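J.:
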Amino acid sequence: MIVIIFILGIDTRTLTKKLRNHGTMLGKIVMKGTDPTSIQFQDQNEANLMIQVSIQKPYVINPTGNISIACINCGMKNNQLRILCQLGGKVTVFPWNYSVKPDEFDGLFLSSGPGDPEIQCPETIKIIKSWITSEIIKPVFGIGLGHQLMALAAGMTIKKLKYGHRGHNQPCLLEGTPYCFITSENHRFAVRTLAKDWSVLFTNQNDQSKEGIIHDSKPFFSVQFYPEHYTGTHDTKNLFEIFLDIVQSYKSTKPINTEKYLVVQLTKRVSDANAPPPTFCKRVNKVLILGGDDLTIGQEGEFD
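Our numbering numbers the first residue of the sequence shown as 3 and each following residue consecutively.
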């Protein structure tokens, strides 16, 4: 039996005004005839979601890859793994609290995931800190929750946004350039303060929050948005290529300047209309749109 939960007769305008004034709030859907006060609010940020979304033991993807990448799974999406493998990575995926040493891999990838990073991930923060403070320098790249964990490991602080960022149209400015990238995001927490020897990489143009950080001299960087989001924009998808290029340069003992290389590669694609898409993206030549009826210019419609 399929149970579908829906709300009927709610004053959405009043609800919108309340959320506008108070920011993101907890809510609950109560069955008709039930006293709402008899059911407690549930705040997922107070629970350790890593136990639910991470894995129990390590495993290897693409064992014939030529670049060895350690990946800490904090609830990662398959597309992140898929891209790393397509770019030649031999990816070993670890649970969120598994000790991973930098001398055993060429680079470290920190996945996205849910929840409050300070409450649920102290073990992960310690692991990341051991990488970014090690005398053995290996590139580290974080996305989403991985971005927040990198910040905490570096000594930065995290804050709750009043509204959070949701959707495929968050504008992020690449610092030091005139280029603003449209990104996909779904998060409530953000980096509040920077640490010594770190700089802002991306800034959200809606609220000026820090969307990316980068170390001033070492190959450590992270972004709050999802560059790999399959249904979102692909403006920053080559961040994976950039990460693997940096890893390869350190592996071959010919390290490149991380910040300079990253800026050049990101801006090259947007400034050159004829630039090819990332190597793991297929260029679409035709798009077929299936609709329920004829449409004219300016007319709204829903598509299948």
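The beta-carbon is built from N, C-alpha and C at its ideal position, and this holds for glycine as well. Just so it is clear, the structure is predicted and the values come from calculations on it, not from any experiment.
Can you list, in chain order, the stretches of the beta strand (DSSP E) that have 3 or more residues and sit fully within the stretch 203-248?
T.: 212-217 and 222-225
J.: Name the one or two DSSP bridge partners that PRO307 has.
T.: Residue numbering for the chain in the displayed model covers 3 to 306; residue 307 lies beyond these limits and cannot be assessed.
J.: Skipping 5 residues on each side, what residues in its chain have a beta carbon closer than 8 Å to that of LEU196?
T.: By one-based count along the sequence shown, residue 196 stands at place 194. So the qualifying residues of the chain are MET158, VAL202, LYS212 and ILE215.
J.: Look at ILE139 and LYS220 and say whether their C-beta atoms are less than 8 Å apart.
T.: Counting from one through the sequence shown, the residue named residue 139 turns up at place 137. Counting from one through the sequence shown, the residue named residue 220 turns up at place 218. For the 8 Å CB-CB criterion, ILE139 and LYS220 form a contact.
J.: Could you tell me the boundaries of the beta strand (DSSP E) in which CYS73 lies?
T.: For the purposes of this step, residue 73 is taken as the residue at position 71 of the sequence shown. Unbroken beta strand (DSSP E) run through CYS73: 69-74.
J.: Between which residues of its own chain and GLU302 is the CB-CB distance below 6 Å, once the five residues before and five after are set aside?
T.: On the sequence shown, position 300 is the one that residue 302 refers to. Residue placement at GLU302 cannot be trusted, given a pLDDT of 47 that sits under 50; what the coordinates show is reported in the next sentence. Hits under 6 Å: none found.
J.: Let me know the secondary structure DSSP gives GLY29 once reduced to three states.
T.: Numbered from its first residue, the sequence shown carries residue 29 at position 27. It is coil, neither helix nor strand.
J.: Check ALA192 in the structure and name its three-state DSSP category.
T.: On the sequence shown, position 190 is the one that residue 192 refers to. ALA192 falls in the strand class under three-state DSSP.
J.: So who's on the other strand from GLY109, going by DSSP bridges?
T.: Translated into the one-based positions of the sequence shown, residue 109 becomes position 107. Its beta-bridge partners are ILE71.
J.: From what residue to what residue does the alpha helix (DSSP H) around THR126 run?
T.: Position 124 of the sequence shown holds residue 126. THR126 -> alpha helix (DSSP H) spans 124-134.
J.: In the DSSP output, what is THR94 paired with across the bridge?
T.: Residue mapping note: residue 94 aligns to position 92 of the sequence shown, counting from 1. Bridge partners of THR94: VAL62 and ALA72.
J.: Do THR269 and TYR181 have their C-beta atoms closer together than 8 Å?
T.: As a position in the sequence shown, residue 269 is number 267, starting the count at 1. As a position in the sequence shown, residue 181 is number 179, starting the count at 1. Yes, they are a contact pair.
J.: For PHE43, I'd like the list of residues in its chain whose CB is within less than 7 Å of its CB, leaving aside the five on either flank, ordered along the chain.
T.: Along the sequence shown, one-based indexing puts residue 43 at 41. Answer for PHE43: LEU28 and LYS30, listed in chain order.
J.: Using 10 angstroms around the beta-carbon of PRO229, count the other beta-carbons present and answer buried if the total reaches 16, otherwise exposed.
T.: Here residue 229 refers to the residue found at position 227 when the sequence shown is read from its first residue. Flag for PRO229 reads buried.
J.: Any idea which residues DSSP pairs GLY144 with across the strands?
T.: Within the sequence shown, numbered from 1, the residue matching residue 144 stands at position 142. DSSP, once it has assigned bridges, lists LEU112 and SER224 as partnering GLY144.
J.: Identify the continuous alpha helix (DSSP H) that holds ILE53 and give its terminal residues.
T.: Sequence index remark: in the sequence shown, residue 53 carries index 51 (1-based). Start and end: 52-55.
J.: Mapping DSSP to helix, strand and coil, what is SER201?
T.: Walking along the sequence shown from the start, residue 201 turns up at place 199. In the structure shown, SER201 sits in a strand (DSSP, three-state: E or B).
J.: From the DSSP output, which residues share a beta bridge with HIS24?
T.: The residue you call residue 24 lines up with position 22 of the sequence shown. Paired residues: none, contrary to the question.
J.: As a quick exercise: from ILE7, VAL5, VAL225 and ASP37, pick the residue whose alpha carbon is nearest that of PHE183.
T.: Residue numbering aside, residue 183 sits at position 181 when the sequence shown is read from its first letter. Of the listed residues, the one whose Cα sits closest to PHE183 is VAL225.
J.: Leaving out five residues on either side along the sequence, give the residues of the same chain with a beta carbon under 6 Å from the beta carbon of LYS253.
T.: By one-based count along the sequence shown, residue 253 stands at place 251. The answer, listed in chain order, is ASP108.
J.: Could you tell me which of SER70, GLN207, MET52 and LYS103 sits nearest to GLN172, measuring between CA atoms?
T.: On the sequence shown, position 170 is the one that residue 172 refers to. Ranking SER70, GLN207, MET52 and LYS103 by Cα distance to GLN172 puts GLN207 first.
J.: Check this for me: beta carbons of VAL95 and PRO141, under 8 Å apart or not?
T.: Within the sequence shown, numbered from 1, the residue matching residue 95 stands at position 93. Within the sequence shown, numbered from 1, the residue matching residue 141 stands at position 139. Not in contact: VAL95 and PRO141 (Cβ atoms no closer than 8 Å).
J.: Let me know if ASP118 comes out buried or exposed under the rule of 16 or more other beta-carbons within 10 Å of its beta-carbon.
T.: Against the sequence shown, residue 118 aligns to sequence position 116. Buried: at least 16 other Cβ atoms inside 10 Å.
J.: Comparing alpha-carbon positions, which option in ASN64, PRO38, MET78 and LYS34 lies nearest LEU51?
T.: Translated into positions along the sequence shown, residue 51 becomes position 49. Residue MET78 is the option with its Cα nearest to LEU51.
J.: On the three-pair Cβ rule with 8 Å, is the stretch 60-70 touching the stretch 240-258?
T.: Cβ pair count under 8 Å is three or more, so yes.
J.: Roughly how many angstroms lie between the CA atoms of GLU304 and SER101, to the nearest whole one?
T.: By one-based count along the sequence shown, residue 304 stands at place 302. By one-based count along the sequence shown, residue 101 stands at place 99. Low confidence applies here, because GLU304 scores a pLDDT of 46, under 50, leaving its location unreliable; read the following figure in that light. Looking at the two C-alpha atoms, the distance is approximately 49 Å.
J.: From which residue to which residue does the alpha helix (DSSP H) around LEU86 run?
T.: One-based indexing of the sequence shown puts residue 86 at position 84. Start and end: 80-88.
J.: Quick check on VAL266: buried or exposed, where buried means 16 or more other Cβ atoms within 10 Å of its Cβ?
T.: Working through the sequence shown from its first residue, we reach residue 266 at position 264. With fewer than 16 other Cβ atoms within 10 Å, it is exposed.
J.: Taking only three categories from DSSP, how would you classify TYR263?
T.: If you number the sequence shown from 1, residue 263 lands on position 261. Reduced to three states, the DSSP call for TYR263 is helix.
J.: Roughly how many whole angstroms lie between the Cα atoms of ASN99 and VAL55?
T.: Taking the first residue of the sequence shown as 1, we reach residue 99 at position 97. Taking the first residue of the sequence shown as 1, we reach residue 55 at position 53. Using only the alpha carbons, I get a separation of about 12 Å.
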